[in-house]
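Asks: Below: one structure in structure tokens.
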Amino acid sequence: MRPAIHIVSAAFALAMLALTPPATAAEKIDPVADAKAFQKFFTDKFPKLKPEDFVTGPYSMNEDLHRQWVEKEQFPPYEFSLEMGKEMFSTPFKNGKSYEDCFPNKGIGIRQNYPYFDDKEGKVITLELALNRCREANGEPPLSYVKDEMAALTAYMAYTSRGKPFDIKIPNDPRALEAYQQGKEYFYTRRGQFNFSCATCHVQSPGERIRAEVLAPGLGILNAMPIYRSEWSGMGTTSRRFTTCNSQIRGVPLNPQDDEYRNLEYYLSYVSNGLPISGPGARP
Amino acid sequence: MASTIRVRATSSGDTTEVQALIQHPMDSGFVKDAKGEIIPAHFIQQLTFEYDGKPVFVADWGGGVSKDPYVKFAFKGGKKGDDLKVSWVDNKGATDTTTAKIV
Amino acid sequence: MNPMENGLSRRLLLQGAGLVALVGLGNIPFGFAPALAAANDKYPEEAFKQKGEADAIKLLYGKTAEASDKVKLDAPEIAENGSVVPVAVSTTLADVTSIAFLVSDNPNALVASYKIPAGTVPGIANRIKMAKTSNVIVVVEAGGKLYSATKEVKVTVGGCGG
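Residue numbers (this note's numbering), protein chains in the order written: chain A, 1181 to 1464; chain B, 326 to 428; chain C, 3 to 164.
And the structure:
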């Protein structure tokens, strides 16, 4: 597989270079054009799929997998995690306040707006980060970004947004544009012993196998977060997936919610704008 | 504590379709933990569905049934509003039971 | 498993013949008492302990099964993950009294056995573990005879910790 990937990747890298030259502060960063090109790439590659089909990851890429998924979705294994998330969300903090006091619309049906760029702080804020800040602001200890509780909480919030289109905003602020661009560059940069970028799998090879697993397309990949993976026998956060993906390509994972991961989430979510939230998603 | 049993019983014509999802580790006794020690067997052995005081479905399970087990079946009979009683017992002698309404 | 641990009166032991039932009838949960008296409601502990499917089927039913195209087994080609493999069965056979699922290459072949009282549709969907690529076998007891269907399911990520 590797020689083929190197040849294809060289051609691809050249193509990407032509489409999106590395941006300096003086050059124009164009998220709108990027998103259009990104979506077109995938809809051209899979003409039989509707845009919303991409949010089911590998299941829209393989019929045998799809059938197993449909069967399990009738009464999904993540039902219990979802219930736990709802209970956590509805339980007040020790000071009497609750999550609904930290979020617009009491935290219901808002997941599709995350991440967003905070102009006071000058950084990208993800949902997981916002949840822990809410806890700390109310005297509660933060949750681990890679364990069950944060996964359950974000699962519930995603569930209340199911079907709503991703609606990530990039304000006309050079810092926001720079954060977006850094996320994009992270996505296309090779790393780890395998020398894979995120794009190597999720743009070059969607629907193909890496060892025994079928690769999900990059388009719509975060719409299903958090995900209940059969491999984990449990629900896992976006942070968990980013860190484990880094480990899987034999790279050193960053810390959950490091700037690079937040910017990556910002970029990947933005280019899937318009596609429906499908979380919490079941995955292999 | 909330029941471990989630049931959906739907009446359609003269048949009631039942789906159940149960929160249970269903440890087979063959898996080792991070320290290399066997996680002891811990699984539901018998799951019973009763309608009108009689069993309509009995599942005998081993450790080869998936975690958070699921089962779907259907029986003739049952009307909207009737009760369906679901109970299980596991290899440690623990039990749980719930009564669901057929919708 | 120390029977003394949880108090004899609350303990329901589902062991085969040869073990003393340490249960006061009045304390059995969910009204099982009359059912326990009937032999075929006992949990088939020995069958679940068998390695091979032939031995498990023999212990469960006391007979062998013949392949039948009237038994329809629905299982994937390649399991997404061996820990949760959705498999289902349906059959046009009449007078079905029992259905069992086995996986040849699991440490213990018998996975599940179901009792089908009269009036219950002989169709079941469940989710099973598979240790590795193996035959999945469904056995249907109908009119006192045994019928089966088999399908090989490929497994890449095993469901038993492998």
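Glycine included, each C-beta is placed from N, C-alpha and C at the ideal position.
Whose Cβ in chain C lies nearer than 9 Å to the Cβ of A/Leu1245?
Replies: Residues of chain C passing the Cβ test: Pro78, Ile80 and Glu82.
Asks: Could you run through the segment 1203-1235 of chain A and flag, in chain order, every residue whose CB is less than 9 Å away from some CB of chain B?
Replies: Listed by position, the residues of the segment 1203-1235 of chain A near chain B (Cβ gap below 9 Å) amount to none.
Asks: Suppose you measure from the CA of C/Ala102 to the CA of B/Asp385; what does that come to, to the nearest Å?
Replies: Going by the C-alpha atoms only, they are around 9 Å apart.
Asks: Note the first and the last residue of the continuous beta strand (DSSP E) segment covering A/Ala1217.
Replies: Careful: A/Ala1217 lies outside any beta strand (DSSP E), inside the alpha helix (DSSP H) at Pro1211 to Lys1225.
Asks: Going by other Cβ atoms of all chains shown within 10 Å of its Cβ, with 16 needed for buried, is B/Lys392 buried or exposed?
Replies: When all chains shown are included, B/Lys392 counts as buried.
Asks: According to DSSP, A/His1382 sits in a beta bridge with which residue or residues?
Replies: Paired residue(s): none; A/His1382 is not in a bridge.
Asks: Once DSSP output is grouped into helix, strand and coil, what is the label at A/Met1129?
Replies: A query on residue 1129 of chain A cannot be resolved here, the shown segment of chain A reaching from 1181 to 1464 and no further.
Asks: Report yes if the CB atom of B/Gln344 is closer than 7 Å to the CB atom of B/Lys397, and no otherwise.
Replies: Yes; because the gap between Cβ atoms is below 7 Å, this pair is in contact.
Asks: Quick test of your reading: B/Thr420 and B/Trp413, contact by CB under 8 Å. State the CB separation rounded to the nearest angstrom.
Replies: Yes, they are in contact, since the Cβ atoms of B/Thr420 and B/Trp413 sit about 7 Å apart, within 8 Å.
Asks: Does the Cβ-Cβ distance between A/Thr1334 and A/Leu1307 come in under 7 Å?
Replies: In contact: A/Thr1334 and A/Leu1307 (Cβ atoms closer than 7 Å).
Asks: Should B/Ala399 be flagged as near chain C, meaning a C-beta pair shorter than 7 Å?
Replies: With 7 Å as the cut-off, B/Ala399 counts as an interface residue toward chain C.
Asks: Using 10 angstroms around the beta-carbon of A/Asp1328, count the other beta-carbons present and answer buried if the total reaches 16, otherwise exposed.
Replies: That one is buried.
Asks: Taking 7 Å as the cut-off, decide whether the C-beta atoms of C/Leu104 and C/Leu112 are in contact.
Replies: Cβ atoms of C/Leu104 and C/Leu112: closer than 7 Å.
Asks: Can the beta-carbon of A/Leu1448 be found less than 7 Å from the beta-carbon of A/Leu1402?
Replies: Going by C-beta atoms, A/Leu1448 is nearer than 7 Å to A/Leu1402.
Asks: Using three-state DSSP, classify B/Glu342 as helix, strand or coil.
Replies: Note: B/Glu342 maps to strand in three-state DSSP.
Asks: Look at the Cβ atom of B/Val390, then the Cβ atom of C/Ala114, and state whether they are nearer than 7 Å.
Replies: Contact flag set, yes.
Asks: Taking DSSP as the reference, what is the three-state secondary structure of A/Ser1427?
Replies: A/Ser1427 falls in the helix class under three-state DSSP.
Asks: Using a threshold of 7 Å, state whether the C-beta atoms of B/Leu346 and A/Phe1255 are closer than that.
Replies: The answer is yes: Cβ separation under 7 Å.
Asks: For the pair the segment 1381-1399 of chain A and the segment 1238-1252 of chain A, tell me if three or more CB-CB distances fall below 8 Å.
Replies: Judged by Cβ distances under 8 Å, the segment 1381-1399 of chain A makes contact with the segment 1238-1252 of chain A, as three or more pairs qualify.
Asks: Fully enclosed by the segment 1314-1350 of chain A, which alpha helix (DSSP H) runs are 4 residues long or longer?
Replies: DSSP runs (the alpha helix (DSSP H)) wholly in the segment 1314-1350 of chain A: 1328-1339.
Asks: A/Pro1238 by DSSP, collapsed to three states: which one?
Replies: Of the three classes helix, strand and coil, the one that applies to A/Pro1238 here is helix, per DSSP.
Asks: Mapping DSSP to helix, strand and coil, what is C/Gly26?
Replies: Unreliable placement is indicated for C/Gly26, whose pLDDT of 40 sits below 50; no coordinate value is reported for it.
Asks: Verify the CB distance criterion: does C/Ser100 have a CB-CB separation below 7 Å to chain B?
Replies: Taking Cβ atoms only, chain B never reaches closer than 7 Å to C/Ser100, which makes this a no.
Asks: Using the beta-carbon of each residue, which ones in chain B are nearer than 7 Å to A/Phe1260?
Replies: Correct list: Gln348 and Asp393.
Asks: If contact is defined by three or more beta carbon pairs under 8 Å, each pair taking one atom from either stretch, is the segment 59-78 of chain C in contact with the segment 138-153 of chain C?
Replies: Yes, since at least three Cβ pairs between the segment 138-153 of chain C and the segment 59-78 of chain C fall closer than 8 Å, the two stretches touch.
Asks: Looking at chain C, which residues of the segment 1302-1336 of chain A have a Cβ within less than 7 Å of any of its Cβ atoms?
Replies: Residues passing the 7 Å Cβ filter: none.
Asks: Chain A partners of C/Pro119, CB-CB under 9 Å?
Replies: Neighbours of C/Pro119 on chain A: none; closest Cβ ~23 Å, over 9 Å.
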